[in-house]
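Protein chains in written order, with our numbering: chain L, 42 to 323; chain P, 614 to 971. Glycine included, every Cβ here is placed at the ideal spot set by N, Cα and C. Being a predicted model, the structure only gives us computed values, none of them experimental. Here is the structure we will look at.
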Amino acid sequence: MNAIEVEGLSRTFNDLQAVDNISFTVEAGEIFGFLGHNGAGKTTTIRMLTGQLRPTAGLARVAGCDVATERHRLKPLVGVVSENQNLYERMSGRENLAFAARLYGTDSRRIDEALDQVGLLDRATDNAKHYSNGMKQRLLIARALLHRPRLLFLDEPTRGLDPMVGRDIRRLVKELSTRGVTVFLTTHYMEEADQLCGRVAFLSEGRIVALDTPDNLKVAHGQKSLNVILGDGTSLTIALDDEDAGKQLEKLVNAGQIRTLHSAEATLEEVFIQIAGRGLAE
Amino acid sequence: MNPRVVAALARKDIVDAIRNRYLLTALLTPLFVALLFRVLMPGVNSLNNLNVVVHDTGNSVLVAQLRNTPKLNLIASASAEAAANEVEKKKATGGLVVPVNFDADVAAGKEPELTIYVNSKKNIIEQATFRQLMERQVSSLVKQPVTARPVWIELGKEPGSQPGGRPDLNQTLLPLLLLLAFAMTGALVVPLLLVEEREQRTLDFLLTSPASLAEIVTGKALTGVVYSLLISGALLAINHKLISNWPLTLLTILLGLLFIVAIGLFTGSLFQNTMQVNTWASLVLLLLLIPGFPSPGGLPVAMEAALHLVPTYYFVEALKLLLAGMGSSRIGGHLAVLLACTAVAFSATIWRSRREQN
Numbered sequence: 042m043n044a045i046e047v048e049g050l051s052r053t054f055n056d057l058q059a060v061d062n063i064s065f066t067v068e069a070g071e072i073f074g075f076l077g078h079n080g081a082g083k084t085t086t087i088r089m090l091t092g093q094l095r096p097t098a099g100l101a102r103v104a105g106c107d108v109a110t111e112r113h114r115l116k117p118l119v120g121v122v123s124e125n126q127n128l129y130e131r132m133s134g135r136e137n138l139a140f141a142a143r144l145y146g147t148d149s150r151r152i153d154e155a156l157d158q159v160g161l162l163d164r165a166t167d168n169a170k171h172y173s174n175g176m177k178q179r180l181l182i183a184r185a186l187l188h189r190p191r192l193l194f195l196d197e198p199t200r201g202l203d204p205m206v207g208r209d210i211r212r213l214v215k216e217l218s219t220r221g222v223t224v225f226l227t228t229h230y231m232e233e234a235d236q237l238c239g240r241v242a243f244l245s246e247g248r249i250v251a252l253d254t255p256d257n258l259k260v261a262h263g264q265k266s267l268n269v270i271l272g273d274g275t276s277l278t279i280a281l282d283d284e285d286a287g288k289q290l291e292k293l294v295n296a297g298q299i300r301t302l303h304s305a306e307a308t309l310e311e312v313f314i315q316i317a318g319r320g321l322a323e
Numbered sequence: 614m615n616p617r618v619v620a621a622l623a624r625k626d627i628v629d630a631i632r633n634r635y636l637l638t639a640l641l642t643p644l645f646v647a648l649l650f651r652v653l654m655p656g657v658n659s660l661n662n663l664n665v666v667v668h669d670t671g672n673s674v675l676v677a678q679l680r681n682t683p684k685l686n687l688i689a690s691a692s693a694e695a696a697a698n699e700v701e702k703k704k705a706t707g708g709l710v711v712p713v714n715f716d717a718d719v720a721a722g723k724e725p726e727l728t729i730y731v732n733s734k735k736n737i738i739e740q741a742t743f744r745q746l747m748e749r750q751v752s753s754l755v756k757q758p759v760t761a762r763p764v765w766i767e768l769g770k771e772p773g774s775q776p777g778g779r780p781d782l783n784q785t786l787l788p789l790l791l792l793l794a795f796a797m798t799g800a801l802v803v804p805l806l807l808v809e810e811r812e813q814r815t816l817d818f819l820l821t822s823p824a825s826l827a828e829i830v831t832g833k834a835l836t837g838v839v840y841s842l843l844i845s846g847a848l849l850a851i852n853h854k855l856i857s858n859w860p861l862t863l864l865t866i867l868l869g870l871l872f873i874v875a876i877g878l879f880t881g882s883l884f885q886n887t888m889q890v891n892t893w894a895s896l897v898l899l900l901l902l903i904p905g906f907p908s909p910g911g912l913p914v915a916m917e918a919a920l921h922l923v924p925t926y927y928f929v930e931a932l933k934l935l936l937a938g939m940g941s942s943r944i945g946g947h948l949a950v951l952l953a954c955t956a957v958a959f960s961a962t963i964w965r966s967r968r969e970q971n
């Protein structure tokens, strides 16, 4: 069953084509990565999929709801963590969640559960303005999870956070996925997408230029090569696509010059640069 | 429209504004000013000496009392007919014509007529002080429930100008203070509530929550209305003795505050950050307040006409008329204008917000 179905979705702002005819589906329980440069159209897409912005063209169904015509039915089914830390800073962590609970009509007993889930129960009465960036991010996630959404939109959830907090958040995202929550994730960190996402879509200038599992993308677009370190300490890279690669390698082996040999698999970031670069050049 | 969502939004803002020192100051300023005027009202007596023309052939106790009143110069007039002319000629604040058998009639409970002239060309504070002084003196004449029946005549009033009724300083101040309260709350606090959501990006959160844009705007309006009602309630409690027609006064106040809250929402929908609001809302606030300020000696005709273009003029005038004891027939037009302006301002806000969202 698909949690998200998008068909020919577009959005323009005056003359700017922010999102250009994109189509994709996300399965229920999947962690789906939506990757692209700044201004590629990631946040605009999220805003359309969460009912904040009307599409100019195309269709999108999220949790079975049409995003253009069924906003009221859609909103209680999704949780959104915005790229901005948009908390009420004069209010405590618990008050922020209490306000959200009143908006969603959620049982107030759920507030402490959500705070506990993100490890903020002991700081619940502190004003949000006194929280660190990591704590604010965790509170945002708690707020998004408060009403037990079926689908979670995370817009750059680990941006600017220290590695430990980033790791905690990634662990939480994985945990949510195992519980059947669908996660739509945008991030600048390709490694994070590689670790977390079942599939990723690359967005460039408002268009999807690639969509597949990270492994398939790396195989399909990555350069196949070997890193060779020679006995004298120098290193060289042998491109396996090269016609002479076999002969070159055989020569080195026969001469006993090879100290170590490593596969040089492309990273997701390299794949992205390759694809987006090609896309930009078109 | 979901009442739970609107109530949640308003509750959040009502509590949050108390924590925001800036907003709290804006909300409490009118109350502070009201209390300050209360404390300083006796200070009105520190005005320059008031000249009063008097015709009193019977040597009444009243005039004797007035002679002993500090800062009051009595100028004798030869006849009742001349008294009115002399008020204007001698630039006096007022005049007094006491009948021959005044003291005897008062003692007999006959409630004799006492003609009191007020010079409308004098500033409003002098006029009000003179009126208060005369009322106090007349009511303290004898220890009887019936004393004299004052007949007030305004001299030097421009043709076509509004009938003043019995405006005194309190009756001028109360509309001004209410206007100040509504302007601070509606025109300053309400747009800040809206713009702060935009500036802090919390509006994005609200728009992903079950709250619709209409509910968000209504929640802000409700916050403004609650604050305005609380402050106007306190102001009315302080000045409750001035009000005779409570239902119409409350209706006028409700329309006035709704109009200013609607203006605040519209202002808030136009701007993106607090600095813009502070700059522009101050101008709006000043414009809305202008009709509330007393105009010593009256305004030039052109300015008076320009004031009619400011909707709060109708609020102030309606309140002044009500406080002066005028009936609903005199204020119906004023309230209709206020209602129409409120509807226009709310419609403009909704139009603007929808346009922005799409």
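Chain L contact residues for residue i, given Cβ-Cβ distances below 7 Å
i, result
"P:Asn886", "Within 7 Å Cβ-Cβ: nothing; P:Asn886 doesn't reach chain L, min ~14 Å."
"P:Arg968", "Within chain L, no residue comes near P:Arg968; the closest Cβ sits about 12 Å away, beyond 7 Å."
"P:Lys625", "Phe140"
Local conformation of residue i per DSSP, three classes
i, result
"P:His668", "strand"
"L:Thr147", "coil"
"P:Asn686", "strand"
"P:Leu641", "helix"
"L:Ile72", "strand"
"L:Thr66", "strand"
"L:Asp253", "strand"
"P:Lys957", "The identity of residue 957 of chain P in the sequence shown is Val, whereas the question assumes Lys. In this structure, P:Val957 counts as helix in the three-state DSSP scheme."
"L:Ala305", "coil"
"L:Arg240", "strand"
"L:Asn43", "strand"
"P:Asp718", "helix"
"P:Ala741", "helix"
Inter-residue spacing [alpha-carbon to alpha-carbon] between residue i and residue j
i, j, result
"P:Arg889", "L:Val159", "As written in the sequence, residue 889 of chain P is Gln, which differs from the Arg given in the question. Cα-Cα distance, rounded: 37 Å."
"L:His303", "L:Ile270", "9 Å"
"P:Trp964", "P:Glu828", "14 Å"
"P:Arg779", "P:Ala937", "Note on P:Arg779: pLDDT 46, under 50, position unreliable in the model; the coordinate value appears next. About 5 Å."
"P:Leu687", "P:Leu863", "42 Å"
"P:Leu806", "P:Leu679", "55 Å"
"L:Val222", "L:Val119", "10 Å"
"P:Asn633", "L:Glu246", "42 Å"
"P:Glu724", "P:Gln750", "15 Å"
"L:Gln315", "L:His262", "8 Å"
"L:Asp273", "L:Thr301", "11 Å"
"P:Gly671", "P:Lys704", "25 Å"
"L:Ala155", "L:Met132", "17 Å"
"P:Val646", "P:Leu898", "16 Å"
"P:Thr831", "P:Ala875", "10 Å"
"L:Thr147", "L:Arg211", "26 Å"
"L:Gln298", "L:Ser276", "11 Å"
"P:Arg967", "L:Arg95", "11 Å"
"P:Leu843", "P:Lys854", "18 Å"
"L:Ala307", "L:Val60", "28 Å"
Contact list for residue i against chain L, beta-carbon separation under 8 Å
i, result
"P:Asn633", "Arg131"
"P:Ala647", "Chain L residues near P:Ala647: none, gap ~28 Å exceeds 8 Å."
"P:Lys833", "Correct list: empty, because the minimum Cβ distance to chain L is about 14 Å."
"P:Asp629", "Tyr129, Arg131, Met132"
"P:Ala621", "Phe140, Arg143, Leu144"
Per DSSP, cross-strand counterpart(s) of residue i
i, result
"L:Cys106", "L:Val103"
"P:Glu726", "P:Arg762"
"L:Asn268", "L:Thr278, L:His303"
"P:Leu709", "P:Val667, P:Ile729"
"P:Glu767", "P:Val731"
"L:Val260", "Paired residue(s): none; L:Val260 is not in a bridge."
Proximal chain P residues relative to residue i, where beta-carbon distance stays under 8 Å
i, result
"L:Asn125", "Arg814, Asp817"
"L:Lys288", "Result: empty, since nearest Cβ-Cβ is about 59 Å, beyond 8 Å."
Where residue i meets chain P, residues with beta-carbon distance less than 9 Å
i, result
"L:Lys170", "What L:Lys170 touches in chain P: nothing, since even the nearest Cβ is about 11 Å away."
"L:Pro117", "Ser822, Pro823"
Cross-chain neighbours of residue i in chain L, by beta carbon under 9 Å
i, result
"P:Arg617", "Arg143, Leu144, Gly146"
CB contact check: residue i to chain B, cutoff 9 Å
i, result
"P:Ala915", "Here chain B cannot be found, since the structure's protein chains are L and P."
7 Å Cβ cut-off: residues of chain P touching residue i
i, result
"L:Val121", "Thr821"
> Closer than 7 Å, Cβ to any Cβ of chain L: which residues of the region 805-820 of chain P, in chain order?
Replying inline: Gln813, Arg814, Thr815, Asp817, Phe818, Leu820
>> Any C-beta of chain L within less than 8 Å: which residues of the region 874-905 of chain P qualify?
In response: none
> For the region 137-168 of chain L, which residues have a CB atom closer than 8 Å to at least one CB atom of chain P, in sequence order?
Replying inline: Phe140, Ala141, Arg143, Leu144, Tyr145, Gly146
>> Along the region 821-853 of chain P, where does the CB come closer than 8 Å to a CB of chain L? Name the residues.
In response: Thr821, Ser822, Pro823, Ala824, Ser825
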